[in-house]
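Before any comments, here is the structure.
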Amino acid sequence: MPKKLIVVGLDCLEPSYAFERWADQMPNLTKLRERGVFARMRSTIPPITIPAWQCMVTGKDPGTLGMYGFRNRKDYSYDSFMFADGKMVREPRVWDVLSRGGLNNIVLGVPQTYPPKPLRGLMVSGFPMPDMEGTWTYPATLKNEIATVCDYIPDVEEFRSDKKEEVLQNLIDMANRRFELAAHLLKTKPWDFFMMVEMGTDRIVHLLWRYTDEKHRHYQANHTLNNAMRDYYALCDKLMGELIAPYENDPDVAIAVVSDHGARGMDGGVLINDWLIREGYLTLKERPKTATGMGKLIKAGQVDWSKTKIWAEGGYYSRIQFNIKGREPEGCVDPAELPALIEEITAKIKAIPDDAGKPMTTHVYQPNETYKVVNNIPPDLIVIFGDLGWRSIGSVSPELDAPLHVFENDTGPDDANHNWHGVFAMAGGGVPAEGELEPFSLMDFAPTMIKYFGKDIPTDMQGVARPFVG
Numbered sequence: 052m053p054k055k056l057i058v059v060g061l062d063c064l065e066p067s068y069a070f071e072r073w074a075d076q077m078p079n080l081t082k083l084r085e086r087g088v089f090a091r092m093r094s095t096i097p098p099i100t101i102p103a104w105q106c107m108v109t110g111k112d113p114g115t116l117g118m119y120g121f122r123n124r125k126d127y128s129y130d131s132f133m134f135a136d137g138k139m140v141r142e143p144r145v146w147d148v149l150s151r152g153g154l155n156n157i158v159l160g161v162p163q164t165y166p167p168k169p170l171r172g173l174m175v176s177g178f179p180m181p182d183m184e185g186t187w188t189y190p191a192t193l194k195n196e197i198a199t200v201c202d203y204i205p206d207v208e209e210f211r212s213d214k215k216e217e218v219l220q221n222l223i224d225m226a227n228r229r230f231e232l233a234a235h236l237l238k239t240k241p242w243d244f245f246m247m248v249e250m251g252t253d254r255i256v257h258l259l260w261r262y263t264d265e266k267h268r269h270y271q272a273n274h275t276l277n278n279a280m281r282d283y284y285a286l287c288d289k290l291m292g293e294l295i296a297p298y299e300n301d302p303d304v305a306i307a308v309v310s311d312h313g314a315r316g317m318d319g320g321v322l323i324n325d326w327l328i329r330e331g332y333l334t335l336k337e338r339p340k341t342a343t344g345m346g347k348l349i350k351a352g353q354v355d356w357s358k359t360k361i362w363a364e365g366g367y368y369s370r371i372q373f374n375i376k377g378r379e380p381e382g383c384v385d386p387a388e389l390p391a392l393i394e395e396i397t398a399k400i401k402a403i404p405d406d407a408g409k410p411m412t413t414h415v416y417q418p419n420e421t422y423k424v425v426n427n428i429p430p431d432l433i434v435i436f437g438d439l440g441w442r443s444i445g446s447v448s449p450e451l452d453a454p455l456h457v458f459e460n461d462t463g464p465d466d467a468n469h470n471w472h473g474v475f476a477m478a479g480g481g482v483p484a485e486g487e488l489e490p491f492s493l494m495d496f497a498p499t500m501i502k503y504f505g506k507d508i509p510t511d512m513q514g515v516a517r518p519f520v521g
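Note that the working numbering has the sequence shown beginning at 52, numbered continuously upward.
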């Protein structure tokens, strides 16, 4: 019989929780690990939903894809950005390769698949998508059928919220409905390759991490939500188990569980633009009266570009931009100065301590040294504070002497950051029961899945097929 493959993606699923701390709460994943292979899967730089999922399914790094996060510079003006949706993905994905090989595919909720593109099979677009009014399925008529199956929820908005119980219930509803739709599609449509991604496993860590991590700065003991994240992990495991149960004993069906990155507690944020101002790299015409994002200050004309060498954007990582002569409209950094400036700013950023004055283990990456190639417009530097323990705060505070460290997020309550490794587990379909493997890159996912089906792996994929298939 021809081989088949079911892939269940759980965005941000943390391996130390799924494989260790809560393994007994996730019996279906544990059984899958015992039947086959599992590993920690190294994420991208930066380890964030966009571009990580698309790096996984294309087998190529962020530089090759030309995507360095959710927002990317459109040109070298100061305020022109493009949002990374599915139109930015120009490389073939797993299902594109398999479609050309004559296989049927079902793709459900994989991030950055909006707007949907034609394939041999079906697609239900994933986060981010603007609304459910336009075309978010392929074929377009599929959304009418979905409406008869469940009240589908693509994502939960405003998950950075103080309304914890309300958002939690929305996450539970979203998972139930997505898995309900997944089961319907598996039962009623032809498929060889099926891949779905549940986003709730990401949203819940940002919502509830402080209640489950005793080491978190804001941990609250004896709270009604202390077990909520654990119970949600258990729910996803239960739903996954119900989904795969009809296929577990079929020798021609393999089942894989993956995540694009992990999660960890976030200690706080570093006001990177405040720091650049103090160090003399960034000059404003006037200090804002309230904390204001850098984008708003740029649009308001409050940056003195003639005296600004560097500015930054915030987020789970910081994107550092240089104001270069001949590149930016009012560039003041001579290109000949760049090597020395990069060395100087890298050393200074790495030396920024935490709020207690201790070293933070900050990483600074140059895209042209980090990726195989660099397409579109990358940040000049990518900064990850505190080995992902701290985020970058892009807002500028009104006080010149304000503390550089803050303990609340500037885009809403958030307890967690991402972590360097996601999960991988696979069993069935001839996969040997070899247990835990050494960590490998998430870019290995695509060639490994293609090899499983015995199809030719595109020669330009940067990932390599793992030896446990084929």
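Glycine included, every Cβ here is placed at the ideal spot set by N, Cα and C.
Keep in mind the model is a prediction, meaning the values are calculated, not measured.
Query                                                                                                                           : Result
Selected residue, minimal CA-CA separation from Pro97, among Pro498, Asp438, Ser446                                             : Asp438
Straight-line gap, Lys55 to Thr115 (C-alpha atoms, nearest Å)                                                                   : 29 angstroms
Residues of its chain near Tyr416, where Cβ-Cβ distance is below 6 angstroms and the 5 sequence neighbours each way are ignored : Ile96, Ile433
Three-way DSSP call (helix, strand, coil) for Gln105 in this model                                                              : helix
Cβ-based burial, Asp264 [other Cβ within 10 Å; buried from 16]                                                                  : buried
For Asp282 and Glu71, the rounded distance between their alpha carbons                                                          : 15 angstroms
Val321 - partner residues in DSSP beta bridges                                                                                  : Ser443, His456
Residue interval of the beta strand (DSSP E) (run including Ala363)                                                             : 361-364
Secondary structure of Phe210, DSSP reduced to three states                                                                     : coil
Where the beta strand (DSSP E) containing Ala305 begins and where it ends                                                       : 304-309
Pro550 classed as buried or exposed, judged by whether at least 16 other C-beta atoms fall within 10 angstroms                  : The structure shown does not extend to residue 550, since the chain spans only 52 to 521, so no value can be given for it.
Assigned secondary structure, Met250 (DSSP; H/G/I helix, E/B strand, else coil)                                                 : coil
Buried versus exposed, by CB contacts within 10 Å (16 or more), Thr499                                                          : buried
DSSP state of Met411 mapped onto helix, strand, coil                                                                            : coil
Spatially closest choice to Asn419 from Asn221, Leu61, Ile393, by CA coordinates                                                : Ile393
Met180 in three-state terms, based on DSSP                                                                                      : coil
Cβ-based burial, Glu249 [other Cβ within 10 Å; buried from 16]                                                                  : buried
Tyr203 and Leu232 closer than 8 angstroms at C-beta                                                                             : yes
Reduced DSSP secondary structure (H/G/I, E/B, other) of Asn156                                                                  : strand
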